[in-house]
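The sequence shown begins at 452 in the numbering used here and counts up one residue at a time.
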Amino acid sequence: MNKTELINVAAENAGLTKKDTERVLNAAIDAITAALASHEKVQLSGFGTFEAKYRAARVGRNPHTKESVNIEASWVPAFKASKALKDNLAK
């Protein structure tokens, strides 16, 4: 499912217009992105938790040349599914 399909399904389920649903979805994505950029957790009950995790600098290896490559430290987004979501998918 892509973003357009998600907007269509959500609009139909919520009884909203597609434009209003797109605005709400974009606002939610923007809020989650801003929170992650500030290294805050975003917990959505029954769905999961988004958070920014720090990945330390490390030495990697180029698989083609087998040459060692230094990989800089960085912050990466992470998602952990809630138990309710995991249980729902297991059905």
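A virtual CB, placed ideally from N, CA and C, is assigned to each residue, including glycine. Bear in mind that the values here come from a model prediction, so they are computed numbers and not experimental data.
- No residue range can be given for Thr468, since it is assigned to no alpha helix (DSSP H) and is classified by DSSP as neither H nor E.
- C-alpha of Val527 to C-alpha of Lys534: approximately 23 Å in a straight line.
- By a beta-carbon distance limit of 8 Å, Ala524 contacts Arg506. Their separation comes to about 6 Å.
- Looking at the DSSP output, Asn521 sits in a beta bridge with Val510.
- The C-alpha of Ala462 is placed about 15 Å away from the C-alpha of Ala478.
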